[in-house]
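Student: Just so we're aligned: 56 in the working numbering is position 54 of the sequence shown, and the numbers increase by one with no gaps anywhere.
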Amino acid sequence: MAIDTIIAYDCIPKQTLGANDMLERLKARERADTVIALFRREGDQRPPSEMGFEFTRTNSDGEEETRVIVVQDMLDEAAPLDPLADHCVGCPANVRGAPFGCINFVQYPLSAKGERWLLDRLPTIDEPLIWLLLREGVQQLGYDGARVRPLRAEGRYFEEARVQGRDLVEFVFTADQAFELLFMLGDVAPSHAGVVLLLFGAIRRDLEADAIVRVMNGQIDPDDFPYLLRDSPIDDHTITDLKAYLRALHRAWLLHVSVTLDV
């Protein structure tokens, strides 16, 4: 399970297959590659056409259905991507530097370490303008984390059942609120991406009020706002995924396009 993210930059692959179709084909290839690697580690050298595994899911009636998936079928599903991959070379939305690098995933469950990392990125009262921007979102726009609580209660989406929080002097901001702000407000428009980048320190935030407004409106010189977060050997999978997601928001913000989400 994962949060699917797509930079909504128009391109020939999206025009040819559609963004959602591309996403499903990429998932099929990823699943196939994972299964093949597992078989190979066990010394199984059969071709993908002879590899299979059982897949169980719950249908709309609440009943479990089990079927056998042949690995070659997943590779065949992904095959239409191959002739389109060259269009990704030099594409400004290719944030991952790989074919179809405008598409990425944030894997569930989110780790407790990753949630703490998010909270630690938030502005303090020592950065008053950005801190006020966050407080306004909490008090006036109603970011209270309520939409996230059912997900945490399910036990599949978060490693930690307990909700972490951070005391920001006049209010406490929780990990549920952080998740809501990042993922639960629909597709991320450039204006919202600018706010997220500021709040989580993905771009510089030593700004005056008029510059903050320009950031939200995308009226900036891209050279003045490079992406600041770098990968670290001590990052766990969630922090790595979150940094990649914020990088995608940054690229979409510079391109003045949205990031579509499937949570």
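Glycine included, each C-beta is placed from N, C-alpha and C at the ideal position.
Just so we're clear, the structure is a prediction, and the values are computed from it rather than from any experiment.
Would you please state the rounded distance, in angstroms, between the beta carbons of arginine 168 and phenylalanine 175? I believe it to be under 8 Å.
Tutor: That belief holds up - the Cβ atoms of arginine 168 and phenylalanine 175 are roughly 5 Å apart, short of 8 Å.
Student: By a C-beta neighbour count over all protein chains shown, 10 Å radius and 16 as the cutoff for buried, is serine 234 buried or exposed?
Tutor: When all chains shown are included, serine 234 counts as exposed.
Student: Can you check which of these residues, Gln179, Val72, Tyr110 and Arg154, is closest to arginine 137 by C-alpha distance?
Tutor: Checking every option, the nearest Cα to that of arginine 137 belongs to Gln179.
Student: Should histidine 252 be labelled buried (16 or more other beta-carbon atoms within 10 Å of its own) or exposed?
Tutor: It counts as buried.
Student: Quick check on the DSSP output: the alpha helix (DSSP H) that includes leucine 153 runs from which residue to which?
Tutor: Element bounds for leucine 153: 151-156.
Student: Can you say whether methionine 76 is buried or exposed, counting buried as having 16 or more other CB atoms within 10 angstroms of its CB?
Tutor: Its Cβ being crowded by 16 or more others within 10 Å, methionine 76 is buried.
Student: Within its chain, find whatever has a CB closer than 6 Å to the CB of arginine 158; leave out the 5 residues flanking it on each side and keep chain order.
Tutor: Excluding sequence neighbours, arginine 158 sits near nothing in its chain.
Student: Is it right to say glutamate 156 is buried, meaning 16 or more other beta carbons lie within 10 angstroms of its own, or is it exposed?
Tutor: With fewer than 16 other Cβ atoms within 10 Å, it is exposed.
Student: In whole angstroms, what separates the C-alpha of aspartate 88 from that of phenylalanine 102?
Tutor: Approximately 9 Å, taken between the alpha carbons.
Student: When burial is assigned at 16 or more other CB atoms within 10 Å of the CB, is alanine 39 buried or exposed?
Tutor: Exposed, because fewer than 16 other Cβ atoms sit within 10 Å of the Cβ of alanine 39.
Student: In the DSSP assignment, find the unbroken alpha helix (DSSP H) run with isoleucine 241 in it and report its ends.
Tutor: Isoleucine 241 -> alpha helix (DSSP H) spans 239-257.
Student: For asparagine 106, does the count of other Cβ atoms within 10 angstroms reach 16, so buried, or fall short, so exposed?
Tutor: Burial call: buried.
Student: I need the straight-line Cα distance from leucine 19 to alanine 254, nearest angstrom please.
Tutor: Using only the alpha carbons, I get a separation of about 21 Å.
Student: Classify leucine 143: buried if its beta carbon has 16 or more other beta carbons within 10 angstroms, exposed otherwise.
Tutor: When all chains shown are included, leucine 143 counts as exposed.
Student: Would you mind sorting proline 15 into buried or exposed? The rule is 16 or more other CB atoms within 10 Å of its CB.
Tutor: When all chains shown are included, proline 15 counts as buried.
Student: Are there three or more Cβ pairs, one per stretch, closer than 8 Å when the region 45-60 is compared with the region 23-32?
Tutor: Too few Cβ pairs lie closer than 8 Å, so no.
Student: Nearest by alpha-carbon distance to cysteine 13: which of Leu134, Asp6 and Ala21 is it?
Tutor: Nearest option by C-alpha distance: Ala21.
Student: Based on Cα-Cα distance, which residue from Arg149, Leu263, Ala213 and Leu170 lies nearest to threonine 126?
Tutor: Minimum Cα distance to threonine 126 is reached at Leu170.
Student: Between Ile71, Asp6, Leu25 and Glu67, which lies nearest to valine 37 when the distance is taken from Cα to Cα?
Tutor: Among Ile71, Asp6, Leu25 and Glu67, the Cα nearest to that of valine 37 belongs to Ile71.
Student: Do you know whose CA, among Pro130, Gln17, Ala114 and Gly116, lies nearest leucine 86's CA?
Tutor: It is Gln17.
Student: Does the Cβ of isoleucine 236 have 16 or more other Cβ atoms within 10 Å, making it buried, or fewer, making it exposed?
Tutor: Isoleucine 236 should be labelled exposed.
Student: Within the continuous beta strand (DSSP E) that includes phenylalanine 160, where are the two ends?
Tutor: Careful: phenylalanine 160 lies outside any beta strand (DSSP E) and carries neither H nor E.
Student: Cβ of leucine 201 within 9 Å of Cβ of arginine 123?
Tutor: Yes, the pair counts as a contact, with Cβ atoms nearer than the cut-off.
Student: If you draw a straight line from the C-alpha of valine 217 to the C-alpha of leucine 135, how long is it?
Tutor: Their backbone Cα atoms lie some 13 Å apart in a straight line.
Student: Going by DSSP, which residues form a beta bridge with glycine 167?
Tutor: Glycine 167 is bridged to Thr176.
Student: Kindly indicate which residue of Val140, Ile214, Gln166 and Ala204 has the alpha-carbon position closest to the one of leucine 183.
Tutor: Ranking the options by Cα distance to leucine 183, first place goes to Val140.
Student: Enumerate, from N- to C-terminal direction, the unbroken beta strand (DSSP E) stretches of 3 or more residues contained entirely within the region 31-79.
Tutor: Counting only runs of 3 or more, we get 54-60 and 66-72.
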